[in-house]
Each structure stands twice: as C-alpha cells, then as structure tokens.
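Chemist: Residues in the sequence shown are numbered consecutively from 37, following the numbering used here. We put the CB at the ideal spot given by N, CA and C, even for glycine. Let me begin by handing over the structure; questions about it come next.
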Amino acid sequence: MKTQHKRLLQRTYIVLIFGFMYLPIAVLIAYSFNESKSRAVFTGFTLSWYKSLFQNEMILSSLGLSVVLALVSSVLATILGTLATIGIYSMSRRTQLIINNISYVPVVNPEIITGVSLMLLFVLMQRAGLGGEGGIFGWFTLLIAHITFNVPYVIFNVSPKLRQLDPSLYNAAQDLGCTPRQAFFKVILPQLTPAILSAFLICLTYSIDDFMISYFNCGTMQTLPIAIYSMTRKKVSPEINALSTIMFLVILSIILVSNALDSRTYRKNQAAIRQGRVQA
Numbered sequence: 037m038k039t040q041h042k043r044l045l046q047r048t049y050i051v052l053i054f055g056f057m058y059l060p061i062a063v064l065i066a067y068s069f070n071e072s073k074s075r076a077v078f079t080g081f082t083l084s085w086y087k088s089l090f091q092n093e094m095i096l097s098s099l100g101l102s103v104v105l106a107l108v109s110s111v112l113a114t115i116l117g118t119l120a121t122i123g124i125y126s127m128s129r130r131t132q133l134i135i136n137n138i139s140y141v142p143v144v145n146p147e148i149i150t151g152v153s154l155m156l157l158f159v160l161m162q163r164a165g166l167g168g169e170g171g172i173f174g175w176f177t178l179l180i181a182h183i184t185f186n187v188p189y190v191i192f193n194v195s196p197k198l199r200q201l202d203p204s205l206y207n208a209a210q211d212l213g214c215t216p217r218q219a220f221f222k223v224i225l226p227q228l229t230p231a232i233l234s235a236f237l238i239c240l241t242y243s244i245d246d247f248m249i250s251y252f253n254c255g256t257m258q259t260l261p262i263a264i265y266s267m268t269r270k271k272v273s274p275e276i277n278a279l280s281t282i283m284f285l286v287i288l289s290i291i292l293v294s295n296a297l298d299s300r301t302y303r304k305n306q307a308a309i310r311q312g313r314v315q316a
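Written out as structure tokens, the structure reads:
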C-alpha cells in the first residue's frame, strides 16, 4: 500500500513539474493561432500571424542578427575556450586552481555587471579615438561582448573532460610515431569532441537568448531579445508567439533527430559487441 502511494506521489510530482515547464509553451503555441491580438481570449483559428511574421522586416532582421552573432561568437568562443583549457591544463596544479577560479567568476557574476563593465571599457576605447565618427558601438562590441561571456562556459565544460583523460595518451601517441600536432588532433581532440560540442551548443543558446549584455553594448543594433523588449513598451505582437513557436519546433526537431541518431549508433555498437562475442 505504501509503495502504491509512493508511486502515485512520484507520478503526480513529475506531472506537476513537466506541466509547470511546458504548459506556458503550450499556451504560447495555442495563442500563436489566435485570430485576435488578445492574450486572454481565444477568438478563432488563423495562420495570419505566421504570414505577417515573414513580412515583418524588423523582426526578421533582428532574428538574422541574433543567429549570425550567436554562430560567430559561439565558434570563436569555443575555439578560444578550448585552447585556454588546454593551456591551463599544462600549468602547475596551484596555478590551475587559481586560473579556474578566476575563469568561473563571470559564470556566477550577474550579467548586468558584465554588461556594464564591458560598456565602460568600450566607452574608454571610444574616447581614445577608436571607432571613428560613427563610434565603436555596434557589431564589433556585440561580438566581443558575447565571446567574453561565452568563453568561461567553454572552459567550465571542457576542463572536466580534459582532466579525465589519461595523461600518458599524448606521450604514447608520440612514442608510436605521431608528431605533436598529429597526437593532438588524432588522439586528444577526438576525446574532447563531445565536451566541445556541448560547450558550443550552450554558447549558442546563451548568445541567442542574451538580453542584458547585448542591451548595454549593441549601439543602434537590435538583437531579437532587444527587439521584443522594445515591443513591450507598447504591446507584444502575436507575431512573436508565431516566431517562438517556430523556434521551439526547430529546436525540438534537432533534439529528436540527435537522440534518434545516438540511439541508432548505440544499437549498432551493441549489435557489433554481441556479434563479436558470438564469433569468439
């Protein structure tokens, strides 16, 4: 009897947690098909907001800027963060501890502090004569700001994986005839690839979603979060609901495809292992 009650409580808890997480998204998707602009009353089904979304140049340009900025900054931050992690790993244990602690400060630091501090740095650079008559704020400051707050996340993700590697792998690869470059790219880098990919995806998500740091360093440019914020001063258009629905479905599709590929690879590996055992 106690076991049944325990299972019931567990299931109820899971339903409540997932309901809390996904019910708002379900409401957003439903109201993206709402005929009126009301966010309280569903008056009828329509696809007009999706049609008008692809005709709204302001939203599309903001989305394009956010996507390009996220891709470029995430790639550069992943490269810099991975190289920094390898450099930190080659230092003494005490130096590693100090630098890792310094690197993790921006992760726990409030974004408003990072955003304002970067803005003040760019203001000083502008007063020094950089940027010309148009000023320094714009694409350059946005890119530098996004790389700056993304690099610690890369270090945070790649460092544990690098510490788990056998230190003798690199030397063993060289003993077997690899050059230092070949030993890194053919032995060490493949081992770090899952952590590097995970770090890239985290950077990509944070960069697209970022508002605070972008707001202080964007100049006259508008990323998607800033464009949505500017709409809230009047009223958020249902076109944003349509855009959010599309983004959610795209991300969900990527996750499902990725999981399906991982499951397929796992089944193949298990089948190969069983076949090898049978032959043995």
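#1: Taking the alpha carbon of residue 190 as the point to measure from, which residue in 134, 204, 201, 230 has its own alpha carbon closest?
#2: Just to confirm, are residue 219 and residue 192 a CB contact at a threshold of 9 Å?
#3: Looking at the structure shown, is residue 185 part of a helix, part of a strand, or coil, going by DSSP?
#4: Among all the DSSP beta bridges, which residues are the ones paired with residue 193?
#5: Strictly under 9 Å for the Cβ-Cβ distance: is residue 82 near chain D by that measure?
#6: Tell whether a beta-carbon distance below 9 Å holds between residue 85 and residue 263.
#7: Decide if the region 179-190 is in contact with the region 238-247; the criterion is three or more beta carbon pairs, one per stretch, under 8 Å apart.
#8: In terms of residues, what are the limits of the alpha helix (DSSP H) holding residue 87?
#9: So is residue 306 buried or exposed if we call it buried at 16+ other beta carbons inside 10 Å?
#10: Measure how close the beta-carbons of residue 142 and residue 185 come, nearest whole angstrom, since I'm counting them as under 8 Å.
#11: Would a C-beta distance cut-off of 9 Å place residue 243 and residue 106 closer than the cut-off?
#12: Quick one: what's got a C-beta closer than 6 Å to residue 151's C-beta in the same chain, skipping five residues either side?
#13: Helix or strand or just coil, what does DSSP make of residue 176?
#14: Quick one: what does DSSP say residue 207 is sitting in, helix, strand or coil?
#15: Considering only the alpha carbon of each residue, which of 90, 63, 115 lies closest to residue 77?
#16: Can you tell me which residues form a DSSP beta bridge with residue 56?
#17: Secondary structure at residue 70, three-state DSSP: helix, strand or coil?
#18: Please classify residue 154: is it buried, with 16 or more other beta-carbons within 10 angstroms of its beta-carbon, or exposed?
#19: So is the beta-carbon of residue 74 under 8 Å away from any non-hydrogen atom of the ligand ATP?
#20: Starting from residue 81, follow its DSSP beta bridges and name the residues at the other end.
#21: Determine the direct distance from the alpha carbon of residue 205 to that of residue 54, and round the result to whole angstroms.
#22: Restricting to Cα atoms, I'd like to know which of 288, 283, 300, 287 is closest to residue 96.
#23: Taking residue 99 as the reference, give the member of 173, 259, 164 with the closest Cα.
#24: Count the other C-beta atoms from every protein chain shown that fall within 10 angstroms of the C-beta of residue 172, then say buried if there are 16 or more, exposed otherwise.
#25: Specify, as a first and last residue, the run of the alpha helix (DSSP H) that residue 107 falls within.
Modeler: Taking the coordinates as given:
#1: 230
#2: For the 9 Å CB-CB criterion, residue 219 and residue 192 do not form a contact.
#3: helix
#4: Its beta-bridge partners do not exist; DSSP assigns none.
#5: Annotation note: the requested chain D is absent from the structure, which comprises a single protein chain.
#6: Contact: no.
#7: yes
#8: 84-89
#9: exposed
#10: 6 Å
#11: yes
#12: 248, 249, 252
#13: helix
#14: Under the three-state reduction of DSSP, residue 207 is assigned to helix.
#15: Selected option, being the one with the closest Cα: 63.
#16: BP columns for residue 56 are empty, so no partner.
#17: strand
#18: Label assigned to residue 154: buried.
#19: Among the components of this structure there are no ligands whatsoever, and the ligand ATP is therefore not found.
#20: 70
#21: 43 Å
#22: If we check each option's Cα against that of residue 96, 283 comes out closest.
#23: 259
#24: Counting Cβ neighbours within 10 Å, residue 172 comes out buried, since at least 16 surround it.
#25: Boundaries of the alpha helix (DSSP H) around residue 107: 93-125.
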